[in-house]
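Peer 1:
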Amino acid sequence: MEAAGISPSGRSWRGARARVRLRGKPTPLLLLGIATAVALLVLLPLGFLLDQALSIGWAQIERLLFRPFVGTLLVNTVLLVAVATTACVVLGVAVAWCVERTDLPGRRTWAVLAALPITVPAFVTSYSWVSITPSVQHFGGAAMIVTLAYYPLVYLPVAAVLRGLDPALEESARSLGMGPWRTFLRVTLPQTRLALLGGGLLVAVHLLSEFGAFAMLRFQTFTTAIYDEYRLSFDGPAASMLATVLVLLCLVLLLGELGLRGKARYARVDTGSPRPPGRAKLGRAKWPALAALGALVGLALGLPLVTLVYWVLRGGSTSFPVVSLLSAAGTSLELALGAALLTTLLALPVSILTIRYPSRIAGVLERAAYLPYALPGIVVALSLIVVSVHQLPALYGTTPLLLLAYAILALPLALVATRAALAQAPPVHEEIARSLGCGPLQALVRVTLPRIMPGLGAAAALVFLATITELTATLLLAPIGAQTLATQFWADASTRSFGAAAPYAGLMVAISAPPTYLLTRRLGAVTGARRRG
Amino acid sequence: MRPLPRHLPVRLAASAALVLLAAVLAGCGSSAGAGNTLTLYSAQHQQMTNALAKAFERKTGATVRIRFGEDEGLANQIVQEGSASPADVLLSENTPPLELLAVKGLLAQVNGSTLAQVPARYDSPSGRWVGVAARETVLIYNPELISASQLPPSILDLAKPQWKGKLAIAPSEPDFVPIVSAIDKLDGRAVAERWLEGFASNAKRYDDNEGIVAAVEGGQVAAGVINHYYWYEQAAEVGAANVHSKLHYFAHKDPGALVNVSGAGAVKSSGSPMLAQRFLAFLVSREGQSTMTHSGDWEYPLVAGVAPPPGLRPFASLQPPDVGPADLGDGSQALTLMQQAGLL
Chain A
377 MEAAGISPSG
387 RSWRGARARV
397 RLRGKPTPLL
407 LLGIATAVAL
417 LVLLPLGFLL
427 DQALSIGWAQ
437 IERLLFRPFV
447 GTLLVNTVLL
457 VAVATTACVV
467 LGVAVAWCVE
477 RTDLPGRRTW
487 AVLAALPITV
497 PAFVTSYSWV
507 SITPSVQHFG
517 GAAMIVTLAY
527 YPLVYLPVAA
537 VLRGLDPALE
547 ESARSLGMGP
557 WRTFLRVTLP
567 QTRLALLGGG
577 LLVAVHLLSE
587 FGAFAMLRFQ
597 TFTTAIYDEY
607 RLSFDGPAAS
617 MLATVLVLLC
627 LVLLLGELGL
637 RGKARYARVD
647 TGSPRPPGRA
657 KLGRAKWPAL
667 AALGALVGLA
677 LGLPLVTLVY
687 WVLRGGSTSF
697 PVVSLLSAAG
707 TSLELALGAA
717 LLTTLLALPV
727 SILTIRYPSR
737 IAGVLERAAY
747 LPYALPGIVV
757 ALSLIVVSVH
767 QLPALYGTTP
777 LLLLAYAILA
787 LPLALVATRA
797 ALAQAPPVHE
807 EIARSLGCGP
817 LQALVRVTLP
827 RIMPGLGAAA
837 ALVFLATITE
847 LTATLLLAPI
857 GAQTLATQFW
867 ADASTRSFGA
877 AAPYAGLMVA
887 ISAPPTYLLT
897 RRLGAVTGAR
907 RRG
Chain B
-2 MRPLPRHLPV
8 RLAASAALVL
18 LAAVLAGCGS
28 SAGAGNTLTL
38 YSAQHQQMTN
48 ALAKAFERKT
58 GATVRIRFGE
68 DEGLANQIVQ
78 EGSASPADVL
88 LSENTPPLEL
98 LAVKGLLAQV
108 NGSTLAQVPA
118 RYDSPSGRWV
128 GVAARETVLI
138 YNPELISASQ
148 LPPSILDLAK
158 PQWKGKLAIA
168 PSEPDFVPIV
178 SAIDKLDGRA
188 VAERWLEGFA
198 SNAKRYDDNE
208 GIVAAVEGGQ
218 VAAGVINHYY
228 WYEQAAEVGA
238 ANVHSKLHYF
248 AHKDPGALVN
258 VSGAGAVKSS
268 GSPMLAQRFL
278 AFLVSREGQS
288 TMTHSGDWEY
298 PLVAGVAPPP
308 GLRPFASLQP
318 PDVGPADLGD
328 GSQALTLMQQ
338 AGLL
């Protein structure tokens, strides 16, 4: 993974350089204006929550916040996020170490297989388990299933770092008398710290806003409860209060990750001589390792796929409504491509501002864009409905409004990817262009954009994947009569018509596969670089 | 490198604005309703709604666009949309959402000839919506886990401690709200609160009636409160011989024997009021009602002379409590009680 190989040292060096070079250069007002507008747009749902809270008064807030149900949800949500995130981290690191740093037979194949469960949306994984046995519908089952669905988010970045790690450090540690375990814990593991925390944060935040998987598993979290409130009151204040708690939980996570990351630096002055790292000899331990990996891939990937095929073939409520399948797939593709384009376009000015013109304001604007990340799609959708109905009726019920919701939900993903790409494109090229008479915009379009295209592609792919499986915002905002693969799947799966739901899920997985394949090569660099520099 | 034109930023901004505008226009174009298009907000089952919409399209040449959702959710969406609402008609599963809109003055008066098709007790007290179909509240149980003799005569008994862990409910299903309202109306606030408390501590919660049926069928829970509809639907799906669960009916005007009425109302701000009224009339015509009963729907038709789907108990033999749409109101009281009991 070339990008990851550069990242530990190269990026911070270039970042420092960029800061020196551009110091004193005033931030272009147009850029600042656009970035501010993007941040405000993204903060709209939070403003909506605040407005609702203010309008109902303290007595109501108290009644809605301090009721037994909120306590139950808090316990459920916090416990599940803690257990599943920990499990993802342990599993992700273990798998990454096995495939990257041991002599495991067939490790190249395992490396790909272990990443593939990321193509199966979490609610499809839940659906396949529930369609086999309802006995997974409890805390343990929910924790296990979301772990199986989300561990690649930790595995991929950690594996990328392990692959690019210079073995010299470990060798020094060993030569100074550390045993293999202590070397792993005190030298190797700390090197993966940023990737591990970044991946863990991604898992935790995903879990906070996950709806479909938990609804299917009958496990109540804040997000499923908000959906229940919507069924009974549309935009009631009770739902807003629950969403407010969710935002606070997200803040705790963001700050927690920031704190855990600490000040330690793992960069090196130069990249050193590229030499493949040494591999631990597994010896007899390779059999249990193989068995464990086989079981993991079987449960996380094999089981959902086999279940889908089974339900498609089995008949029962299965029908193969070709027209409906094709039209849902068409709508899904159209929306996901539109969202990918729009979101990447919105992310670009914010990233340029934070990377090329770092300042306090730029930092605040960027952080703001991460805040709605933990908001369930339904809260974003409700806020857009309320605002557009009253302020922009022409936009209400249209596709652009839905695309806007997707953009708000997925902007953090696009930011992460565009930032990483920009940070790797040295500003010196732009400066040369400028010195030759280019304006800032032309330098951007003709010099920088071509250079960061792969990064923009990664951003678009991330948004595409998040959008194709988006459920609750789509249910509310899709133009009347429009159906996507996700909404059709949900309509059937939630009424337990497992057979009818299967073809839609299958198509969703198939469409997600190519962008995922491209991403698995980049995700390591992307998530590892999340909020660095 | 060529010297650059000074106005490039302006041109870029202008073309970006044009692209955005085009996208907006494209979006509007695809969703704008024409004069012969009916926009239906439906909380009813998709199969039945689609069958009714198709039949109406065939009959009138109109186009029906449908937004699916759930009772209170859809009604509150119409409230939020106000006069900008694209909805022409709301078809609900229960009466509270329709009453909510009627009280807020958002529903048009239904034509008298339409109202006359249905017994008055199933229509809006103020003539703002018309009853379309009915369902009965029942207790589904699994005979392998609980014997028929252990089943209680009243839904109120389900709050007793011996039911702990044996009961399934779906409190976020709009069908549950009217039951709470009925108990509140018939037995008073104190009884309703105590009942909810016991009920909440006894019950395992599910998302919806389908989930309850599956859980009782699968033996994960002994019994559950549902509408009769969902049991018949399951029986039709797997074949009556393969059904493990049975239905227990509350009787003697018990609140547990509540009959829920599904109804429809025309939204006042509708751009096609005539078409909306035609649709309401169609719903309670013999043609509309039998379309409904033949669409795999297991509700009771409300129009005289239209036979219910085969296998249902005769409608006349039900013994529902004396609770009408006016008593159920908009359901907001019941929601508050449910929140207090920790169910929501």
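If you read the protein sequences in the order shown, they are chains A and B.
If you want the working numbering, it's the 1-based position in the first sequence plus 376.
Residue 272 in the working numbering sits at position 275 of the second sequence; the count goes up by one each step and never skips.
Here a beta-carbon is modelled for each residue, glycine too, at the ideal position from N, C-alpha and C.
Note that this is a predicted model, so its numbers are computed, not measured.
1. What's the call for arginine 477 (chain A), buried or exposed, on a 16-neighbour Cβ count within 10 Å?
2. Verify the CB distance criterion: does proline 306 (chain B) have a CB-CB separation below 8 Å to chain A?
3. Can you tell me whether DSSP reads lysine 201 (chain B) as helix, strand or coil?
4. What does the alpha-carbon distance come out to for the pair histidine 291 (chain B) and alanine 156 (chain B)?
5. What do you get for alanine 544 (chain A), buried or exposed, if any count of 16 or more other CB atoms within 10 angstroms of its CB means buried?
6. For the structure I just gave you, are there three or more beta carbon pairs, one from the region 560 to 575 of chain A and one from the region 735 to 752 of chain A, closer than 8 Å?
7. Can you give the Cα-Cα distance for leucine 22 (chain B) and leucine 777 (chain A), rounded to whole angstroms?
8. Under a Cβ-count criterion, where at least 16 other Cβ atoms within 10 Å of its own Cβ denotes burial, should alanine 829 (chain A) be classed as buried or exposed?
9. Using a Cβ-Cβ cut-off of 8 Å (strictly less than) and excluding sequence neighbours within five positions of alanine 212 (chain B), which residues of its own chain qualify?
10. Is the shortest distance between the beta-carbon of leucine 95 (chain B) and the beta-carbons of chain A less than 8 Å?
11. Residues of the region 596 to 615 of chain A in Cβ contact with chain B at a cutoff of 9 Å, in chain order, please.
12. Closer than 8 Å between beta carbons: that is the criterion. Which residues of the region 187 to 221 of chain B meet it against chain A?
13. Among A:Glu806, A:Glu742, A:Ala757, which residue has its Cα nearest to the Cα of valine 792 (chain A)?
14. Check whether chain B comes within 8 Å of valine 765 (chain A), counting only Cβ atoms and requiring the distance to be less than that.
15. Between aspartate 181 (chain B) and glutamate 90 (chain B), is the Cβ-Cβ spacing less than 8 Å?
16. As a quick exercise: from A:Val471, A:Leu631, A:Leu532, A:Thr794, pick the residue whose alpha carbon is nearest that of leucine 892 (chain A).
17. Determine, using beta-carbon pairs with one atom in the region 127 to 135 of chain B and one in the region 252 to 264 of chain B, whether at least three such pairs fall under 8 Å.
18. For threonine 36 (chain B), name the three-state secondary structure that DSSP assigns.
19. Measuring only between beta-carbons, confirm whether glycine 236 (chain B) sits less than 8 Å from chain A.
20. What does DSSP give as the partner residue(s) for asparagine 224 (chain B) in the beta ladder?
21. Please confirm if leucine 35 (chain B) has its CB atom under 8 Å from at least one CB of chain A.
22. Can you look up glycine 670 (chain A) in the DSSP assignment and give me helix, strand or coil?
23. With a cut-off of 8 Å on the beta carbons, I'd call serine 585 (chain A) and proline 752 (chain A) a contact; round off their distance for me.
24. Given that phenylalanine 445 (chain A) touches chain B, what residues does it touch there, using C-beta distances under 8 Å?
25. Can you tell me where the alpha helix (DSSP H) with phenylalanine 424 (chain A) in it begins and where it stops?
26. Could you tell me which of B:Leu87, B:Ser329, B:Glu194, B:Ser110 sits nearest to lysine 161 (chain B), measuring between CA atoms?
27. Determine contact between the region 759 to 767 of chain A and the region 423 to 433 of chain A, defined as no fewer than three beta-carbon pairs at a distance below 8 Å.
28. Check glycine 236 (chain B) in the structure and name its three-state DSSP category.
29. Please state the DSSP three-state secondary structure of histidine 805 (chain A).
30. Among A:Ile731, A:Val446, A:Ala705, A:Ala614, which has the Cα closest to the Cα of glutamine 864 (chain A)?
31. In whole angstroms, what separates the C-alpha of glycine 328 (chain B) from that of valine 534 (chain A)?
32. Here's the rule: buried if 16 or more other CB atoms are within 10 angstroms of the residue's CB, otherwise exposed. What is valine 699 (chain A)?
33. Take every Cβ of the region 221 to 241 of chain B, pair it with every Cβ of the region 64 to 80 of chain B, and state whether three or more of those distances are shorter than 8 Å.
34. Could you give the C-beta distance for isoleucine 979 (chain A) and glycine 773 (chain A), rounded to a whole number, given that I count them as a contact under 8 Å?
35. Proline 879 (chain A) and leucine 711 (chain A) look like a contact to me (Cβ under 8 Å); what is the Cβ gap, rounded to whole Å?
36. Return the Cβ separation of threonine 288 (chain B) and leucine 49 (chain B) in integer angstroms, given the expectation that the two are a contact with Cβ distance under 8 Å.
Peer 2: In terms of the structure at hand:
1. buried
2. no
3. strand
4. 37 Å
5. exposed
6. no
7. Confidence at leucine 22 (chain B) is low in this model, with a pLDDT of 44, below 50, so its placement is unreliable and the value that follows should be read with caution. Rounded to whole angstroms, leucine 22 (chain B) to leucine 777 (chain A) spans 12 Å at the Cα level.
8. According to the sequence as given, residue 829 (chain A) is methionine; it is not alanine. Flag for methionine 829 (chain A) reads exposed.
9. Ala165, Lys201, Tyr203, Val218, Gly221
10. no
11. Gln596, Thr600, Ala601, Tyr603, Asp604, Glu605, Tyr606, Arg607, Leu608, Ser609, Phe610, Asp611, Gly612, Ala614
12. Arg202, Tyr203, Asp204, Asp205, Glu207, Gly208, Ala211, Ala212, Gly215, Gln217
13. A:Glu742
14. yes
15. no
16. A small correction: the amino acid at residue 892 (chain A) is threonine; leucine does not occupy that position in the sequence shown. Residue A:Leu532 is the option with its Cα nearest to threonine 892 (chain A).
17. yes
18. strand
19. no
20. B:Thr134
21. no
22. helix
23. 5 Å
24. Gln336, Gly339, Leu340, Leu341
25. 405 to 441
26. B:Glu194
27. yes
28. coil
29. helix
30. A:Ala705
31. 52 Å
32. exposed
33. no
34. Nothing can be reported for residue 979 (chain A), as the shown portion of chain A is limited to 377 through 909.
35. Not confirmed; about 19 Å, so no contact.
36. 6 Å
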